[in-house]
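Single-structure report; data block below.
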Amino acid sequence: MPAVRSALLPLALAVTLALAGCADSGGTDDAAPTSGGPAAAAPTGLAGTNGATGTNGTTGAAGATGTSGPTATGPVGSTGNATPVPGTLDFTARTVDGGSFAGRSLAGRPAVLWFWAAWCSRCRGVADDVAAVRRDHADRVNLVGVAGLGSGADAMRRFVRDTGITAFPNLADDEGTLWRRFGVTSQEWYVLLDSTGKVVHSGALSQAELRRRVAELV
115 MPAVRSALLP
125 LALAVTLALA
135 GCADSGGTDD
145 AAPTSGGPAA
155 AAPTGLAGTN
165 GATGTNGTTG
175 AAGATGTSGP
185 TATGPVGSTG
195 NATPVPGTLD
205 FTARTVDGGS
215 FAGRSLAGRP
225 AVLWFWAAWC
235 SRCRGVADDV
245 AAVRRDHADR
255 VNLVGVAGLG
265 SGADAMRRFV
275 RDTGITAFPN
285 LADDEGTLWR
295 RFGVTSQEWY
305 VLLDSTGKVV
315 HSGALSQAEL
325 RRRVAELV
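Residue numbers (this note's numbering): 115 to 332.
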């Protein structure tokens, strides 16, 4: 039996060493996830990059919105600071050539409304003088012609074309809406308004008086 024990001892030692070797090998396998840690961290880094891009994108969007903000508020501010439209100019009409016209476009400046009729020889005779008044004060006074009293659409257009008064708007008002609004009862009539829209004259004027009155408005 002592001889058997002596023979088994080397075998037991070999098994023990073999098992120890397996344990060392298993430890090496356990380290793999540790090395995989940084590898797994790479997507985190990419996510961070994407996040930064996303942040820049968000910042960019916010910047654009912020930039748009003042631009968008510009018109709001302008509207807020715009000249109030007086009741006298709160109207709309059609021009003799079929366009639209808003009385509010006259707000903030003195204005001359010249009421005429296409069949009126006196109106035709002063058309050049009226146009000259407009040319002399174009940057300071608004001038608008208002045709009516049964003139007829075709005759209105011919009157404007023949007299050459195309540099200022001429409104077609055979229905008499604006004539009644401003209390006008006959042609070759002038309504003068100051810059606040207040009527300061309504009636007939010679061309010399028209020039003097307009000069007083500016």
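Yeah, the Cβ is synthetic: ideal placement off N, Cα and C, and Gly gets one too.
- Starting from W293 and walking both ways along the alpha helix (DSSP H), at which residues does that stretch end? 291 to 295
With distances taken from CA atoms, which of A246, R272, S300, A329 is nearest L307?
A329
Please name the residue or residues paired with V313 in a DSSP beta bridge. L307
For the beta strand (DSSP E) containing D204, list its first residue and its last residue.
No beta strand (DSSP E) contains D204, which DSSP labels as neither H nor E.
Assuming contact is defined by CB atoms lying nearer than 7 angstroms, are A232 and F273 in contact in what I supplied? yes
Query raised in the report: At what residues does the beta strand (DSSP E) containing F229 begin and finish?
Result: 225 to 230
Give every residue of the same chain whose Cβ lies closer than 6 angstroms to the Cβ of A221, excluding the five residues on either side of it in the sequence, and list them in chain order.
T197, V199, L203
In three-state terms, what does DSSP make of S300? coil
What is the rounded straight-line gap between the Cα of A223 and the Cα of D250? Position check: residue 223 holds Arg in this sequence, whereas Ala was assumed. C-alpha separation (whole angstroms): 15 angstroms.
- request: Throw me the rounded Cβ distance for the F205 and R295 pair, which I believe falls under 8 angstroms.
  value: 7 angstroms
**Asked** Does any heavy atom of the ligand COA sit closer than 6 angstroms to the C-beta of F273?
**Response** Although the ligand COA was asked about, the structure shown includes no ligands whatsoever.
* **Proximal residues to W303 (C-beta, below 7 angstroms), its chain only, five neighbours per side dropped** => F229, G317, A318
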